[in-house]
Amino acid sequence: MNIKETDKQYIMGTYGRVDLAIDHGQGSTLYDTDGKKYIDFGSGIAVNTFGASDPLWIDAVVSQLNKIQHTSNYYYTKPCTDLAKLLCTKTKMSKVFFSNSGAEANECAIKAARKYGTDKNPDKNVIITLKNSFHGRTITTLSATGQDVFHTNFTPFTEGFVYVEANNINELTAAMNDNICGIMFELIQGEGGVLPMTKSFVEAAAALAKKYDALLIIDEVQTGNGRCGTLYAHQQFDITPDIFTTAKGLGGGLPIGATVFSEKLKDILPPGSHGSTFGGNPIAAAGAVNILSRIDDNLLAEVKDKSKIIISTLESLDGVENISGMGLMLGIKTTKPAKDIMLYCLKNGLLVLTAKDKVRLLPPLNITKEELKEGLEILKDAIKNA
Ligand SMILES: Cc1ncc(COP(=O)(O)O)c(C=O)c1O
20 MNIKETDKQY
30 IMGTYGRVDL
40 AIDHGQGSTL
50 YDTDGKKYID
60 FGSGIAVNTF
70 GASDPLWIDA
80 VVSQLNKIQH
90 TSNYYYTKPC
100 TDLAKLLCTK
110 TKMSKVFFSN
120 SGAEANECAI
130 KAARKYGTDK
140 NPDKNVIITL
150 KNSFHGRTIT
160 TLSATGQDVF
170 HTNFTPFTEG
180 FVYVEANNIN
190 ELTAAMNDNI
200 CGIMFELIQG
210 EGGVLPMTKS
220 FVEAAAALAK
230 KYDALLIIDE
240 VQTGNGRCGT
250 LYAHQQFDIT
260 PDIFTTAKGL
270 GGGLPIGATV
280 FSEKLKDILP
290 PGSHGSTFGG
300 NPIAAAGAVN
310 ILSRIDDNLL
320 AEVKDKSKII
330 ISTLESLDGV
340 ENISGMGLML
350 GIKTTKPAKD
360 IMLYCLKNGL
370 LVLTAKDKVR
380 LLPPLNITKE
390 ELKEGLEILK
400 DAIKNA
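If you read the sequence shown in our numbering, its first letter stands for residue 20, the second for the next number, and so on.
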C-alpha cells in the first residue's frame with residue numbers, strides 16, 4: 020500500500036489533503052516522493068520561517084537534542100529562558116507562558132483575561148472577538164472563533180464570548196460594558212480570507228479596552244514572527260497589546276506556542292493556575308531562539324521588498340481582482356475559483372494555499388528572488404489558464 024492509501028486507511032479524515040506526498044526540501048524548494056520539484060509559497064501554513072531543512076536552525080535543534088530533549092517544567096532550562104528573554108526584550112513585554120500551538124497560546128490568553136476580570140468583579144468574564152475570526156480548534160478557542168461553520172456539531176461551547184463585525188467601530192463600542200474582560204482579534208484574519216483590520220479600528224479597540232479596563236489581546240499566531248514585515252504585526256499600529264499570542268513561525272517547524280504579557284500582567288497567572296507538559300520544551304525553544312534572533316532589520320526589509328515584487332507582478336493581471344494582506348501574508352482575489360488555481364499550481368510545481376475565496380501566499384521569509392520569480396511565473400500561468 021502506498022503512502023496516500025495508508026494515510027486514508029489509518030488517519031482520521033479531518034484534513035482535505037491534496038494529491039501530494041512531500042519527501043524533502045531545501046529552502047523554498049520541495050520534492051515529492053517521486054522526485055518532482057515544487058516551489059513553496061506556503062511554508063506549511065506560515066510555519067517554516069526559513070524554509071525546509073534550514074542549516075542554522077538544524078544546528079540549533081540538533082545541538083540541543085544532543086544535550087537533553089525534555090526535562091519537565093519543574094526544572095530550569097537555558098533554551099526556554101533565553102527564548103523568553105528574547106521575546107520580551109524584542110517586544111517590550113514582560114512575561115511569557117510557553118505552550119505547543121496557537122490554540123493553546125490563545126487558551127492561556129483567555130484564561131488570563133478571565134482571571135484579570137474576575138479578580139475585580141465576578142461577572143467581568145466576557146471576551147469580545149470578531150466575526151470571521153479564527154483562534155483555534157479546542158472547544159474554547161472554537162467558541163472564540165466567530166464563524167458558525169466551525170460551531171456545528173460541537174455544542175455545548177464555553178460561554179462568555181460576544182462577536183462583533185471586523186472593522187466596525189460602532190458595533191464594538193455598542194458591545195462594550197463593565198463585564199468585558201478582553202477584546203481579542205487578529206490584525207489580519209488569516210483563515211478568514213486574509214482580511215486586514217483598519218488602523219482606526221485597531222486604535223479604537225485599544226482605546227475602548229483601556230476605557231473599560233479590558234485587556235487588548237492580539238492573536239499573532241499567523242501574522243507574527245516577521246511574516247508581515249515587522250517582528251510582530253502590532254508593531255505597525257499605534258497600540259501596545261496587554262497580551263499577544265504567537266506560534267506557527269516562531270518554532271520554524273517544531274511545535275511551540277507563546278502567550279506574551281505586558282508589565283501590568285506580569286503576575287496574572289500564579290503557581291498552579293496553568294501549565295503544559297511540553298510547553299517550553301528545550302528542543303523547540305532552542306530552534307525558536309535561532310529563528311527569532313535571525314528576524315532582524317535586514318530580513319524584514321527583504322520581506323517588504325519581496326512583498327512589493329509579488330504585488331507588482333500580480334496586481335494588474337487580468338483575472339486578479341485585488342490583493343490584500345501585508346508583507347509575505349497575501350491574499351489574492353481571483354476571478355477564477357481559488358481552489359482551481361491552487362490545483363493548477365500544484366500540477367505545475369508550485370504550492371499555494373487558499374483562504375475562503377482567496378489564493379493565499381505565505382512563502383518562507385528567506386525565499387530567494389529566483390525561487391520567487393519561478394513561482395510567480397507558474398502562478399501567472401494559473402491565473403490565466405486554470
Ligand atoms: C490566527 C490564528 N490563531 C490560532 C490558530 C490556531 O493555531 P494552531 O493550529 O497552532 O492551534 C491559527 C491557525 O491557523 C491562526 O491562524
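By construction, the Cβ of each residue, glycine as well, lies at the ideal position given by its N, Cα and C atoms.
It should be emphasised that the depicted structure is a prediction, and the values quoted were computed from it without experimental measurement.
Is any heavy atom of ligand 1 found at a distance shorter than 7 Å from the C-beta of I236?
For this step, residue 236 is matched to residue 217 along the sequence shown. I236: no, Cβ never under 7 Å from ligand 1.
If you measure from the CB of R379, is any heavy atom of ligand 1 nearer than 7 Å?
Reading the sequence shown from its first residue, position 360 is the one you call residue 379. Answer for R379: no, Cβ out of range of ligand 1.
Going by C-alpha to C-alpha distance, which of T217, H253 and F116 sits closest to P289?
If you number the sequence shown from 1, residue 289 lands on position 270. Relative to P289, the option among T217, H253 and F116 whose CA is nearest is F116.
For Q45, which beta-bridge partners are listed by DSSP?
Mapped onto the sequence shown, residue 45 falls at position 26. Answer by DSSP bridge pairing, in chain order: T48.
Identify the residues that DSSP records as bridge partners of K104: which are they?
Here residue 104 refers to the residue found at position 85 when the sequence shown is read from its first residue. Looking at the DSSP assignment, K104 forms no beta bridge with any residue, so it has no partner.
For G165, the three-state DSSP class (helix, strand or coil):
The sequence position of residue 165 within the sequence shown is 146, counting from 1. The DSSP-derived three-state label of G165 is strand.
Name, in chain order, the residues that DSSP records as bridge partners for T10.
No statement about residue 10 is possible, as the shown extent of the chain runs from 20 to 405 and does not include it.
Taking V279 and I262 to be in contact with their CB atoms under 8 Å, please state how far apart those CB atoms are, rounded to whole angstroms.
As a first step, residue 279 is located in the sequence shown; it is residue number 260 there, counting from the start. As a first step, residue 262 is located in the sequence shown; it is residue number 243 there, counting from the start. In this structure V279 is in contact with I262, their Cβ atoms being roughly 7 Å apart against a cut-off of 8 Å.
In or out: T52 buried (at least 16 other Cβ within 10 Å) or exposed?
Indexing the sequence shown from 1 puts residue 52 at position 33. By the neighbour-count rule (16 or more Cβ atoms within 10 Å), T52 is not buried but exposed.
Alpha helix (DSSP H) containing K403: first to last residue?
The sequence position of residue 403 within the sequence shown is 384, counting from 1. Segment K388 to N404, the alpha helix (DSSP H) holding K403.
Spatially closest choice to V183 from G209, G212, V145 and K134, by CA coordinates
In the sequence shown, the residue the question calls residue 183 occupies position 164. Residue nearest to V183 within the set G209, G212, V145 and K134 is V145 (criterion: CA-CA distance).
Name the residue from L384, A163, E334 and L191 whose alpha carbon lies nearest to the alpha carbon of D324.
The residue given as residue 324 occupies position 305 in the sequence shown. Comparing Cα positions, the closest option is L384.
Tell me whether the region 340 to 350 and the region 210 to 217 touch, counting them as touching only if at least three CB pairs, one residue from each stretch, are closer than 8 Å.
Judged by Cβ distances under 8 Å, the region 340 to 350 makes contact with the region 210 to 217, as three or more pairs qualify.
Buried or exposed (CB count within 10 angstroms, at least 16 for buried), T160:
Within the sequence shown, numbered from 1, the residue matching residue 160 stands at position 141. Answer is buried; the Cβ neighbour count reaches 16.
Given 8 Å, three or more beta-carbon pairs between the region 229 to 249 and the region 171 to 188
Result no; under three Cβ-Cβ pairs closer than 8 Å.
Start and end of the beta strand (DSSP E) containing E340?
Counting from one through the sequence shown, the residue named residue 340 turns up at place 321. Per DSSP, E340 belongs to the beta strand (DSSP E) from V339 to M345.
Quickly, what does DSSP pair A374 with across the bridge? List them, please.
As a working note, residue 374 is residue 355 in the sequence shown. The secondary-structure analysis by DSSP pairs A374 across a beta bridge with K377.
Ligand 1 and H154: does any heavy atom of the ligand fall closer than 7 Å to the residue's C-beta?
Taking the first residue of the sequence shown as position 1, residue 154 is located at position 135. Yes, Cβ of H154 sits closer than 7 Å to a heavy atom of ligand 1.
Among the candidates S295, E282 and I199, whose CA atom is the shortest distance from the CA of P274?
Position 255 of the sequence shown holds residue 274. The residue among S295, E282 and I199 with its C-alpha nearest the C-alpha of P274 is S295.
By the 10 Å Cβ neighbour count, where 16 or more other Cβ atoms means buried, how is V37 classified, buried or exposed?
Your numbering for residue 37 matches position 18 in the sequence shown. Exposed: under 16 other Cβ atoms inside 10 Å.
Write down the C-beta distance between L102 and A304 rounded to the nearest angstrom, noting that I regard them as a contact closer than 8 Å.
By 1-based counting over the sequence shown, the position of residue 102 is 83. By 1-based counting over the sequence shown, the position of residue 304 is 285. In this structure, L102 and A304 form a Cβ contact; the two beta carbons are roughly 5 Å apart against a cut-off of 8 Å.
Going by the C-beta, is S62 closer than 7 Å to any heavy atom of ligand 1?
Residue mapping note: residue 62 aligns to position 43 of the sequence shown, counting from 1. No, since every heavy atom of ligand 1 falls outside the 7 Å radius drawn around the Cβ of S62.
Kindly indicate which three-state DSSP category Q287 falls into: helix, strand or coil?
Working through the sequence shown from its first residue, we reach residue 287 at position 268. Before going on, a small fix: residue 287 reads as Ile here, not Gln. DSSP places I287 outside both helix and strand once states are collapsed to three, so it counts as coil.
Reduced DSSP secondary structure (H/G/I, E/B, other) of C247
Taking the sequence shown and counting its residues from 1, one reaches residue 247 at position 228. DSSP places C247 in coil when its eight states are reduced to three.
Is the beta carbon of K150 closer than 8 Å to that of A185?
For this step, residue 185 is matched to residue 166 along the sequence shown. For this step, residue 150 is matched to residue 131 along the sequence shown. Yes.
Is it the case that the CB of G121 approaches a heavy atom of ligand 1 more closely than 7 Å?
Along the sequence shown, one-based indexing puts residue 121 at 102. Within the cutoff, so yes.
Residue span of the beta strand (DSSP E) that contains V181, given as start and end
In the sequence shown, the residue the question calls residue 181 occupies position 162. Bounds of the beta strand (DSSP E) holding V181 are F180 to V183.
From G63 to I287, what does the alpha carbon distance come to, in whole angstroms?
Along the sequence shown, one-based indexing puts residue 63 at 44. Along the sequence shown, one-based indexing puts residue 287 at 268. Cα to Cα, G63 sits roughly 33 Å from I287.
What are the boundary residues of the beta strand (DSSP E) that V308 is part of?
Counting from 1 along the sequence shown, the entry for residue 308 is found at position 289. Per DSSP, V308 lies in no beta strand (DSSP E); the unbroken alpha helix (DSSP H) holding it starts and ends at P301 to R313.
Is it right to say H43 is buried, meaning 16 or more other beta carbons lie within 10 angstroms of its own, or is it exposed?
For the purposes of this step, residue 43 is taken as the residue at position 24 of the sequence shown. Label assigned to H43: exposed.
Would you kindly work out how many angstroms separate the C-alpha atoms of G245 and E321, rounded to a whole number?
By 1-based counting over the sequence shown, the position of residue 245 is 226. By 1-based counting over the sequence shown, the position of residue 321 is 302. Spanning the two alpha carbons is a distance of roughly 10 Å.
Cα separation between E126 and G299?
To locate residue 126, count along the sequence shown from 1; it is residue 107. To locate residue 299, count along the sequence shown from 1; it is residue 280. Distance between the alpha carbons of E126 and G299 is about 16 Å.
What alpha helix (DSSP H) runs, 4 residues minimum, are completely inside the region 152 to 240?
List check, alpha helix (DSSP H) in window: 158 to 163, 188 to 194 and 218 to 230.
In its own chain, which residues sit with a C-beta less than 6 Å from the C-beta of A307, not counting the 5 before and 5 after it?
The sequence position of residue 307 within the sequence shown is 288, counting from 1. The residues are L102, L269, G270 and I275.
Residue range of the alpha helix (DSSP H) that T137 falls in?
Walking along the sequence shown from the start, residue 137 turns up at place 118. In this chain, the alpha helix (DSSP H) harbouring T137 covers G121 to T137.
Drop a sphere of 10 angstroms on the beta-carbon of V339, count the other beta-carbons inside from all chains shown, and report buried for 16 or more, exposed for fewer.
Here residue 339 refers to the residue found at position 320 when the sequence shown is read from its first residue. V339 is buried by the Cβ-count criterion.
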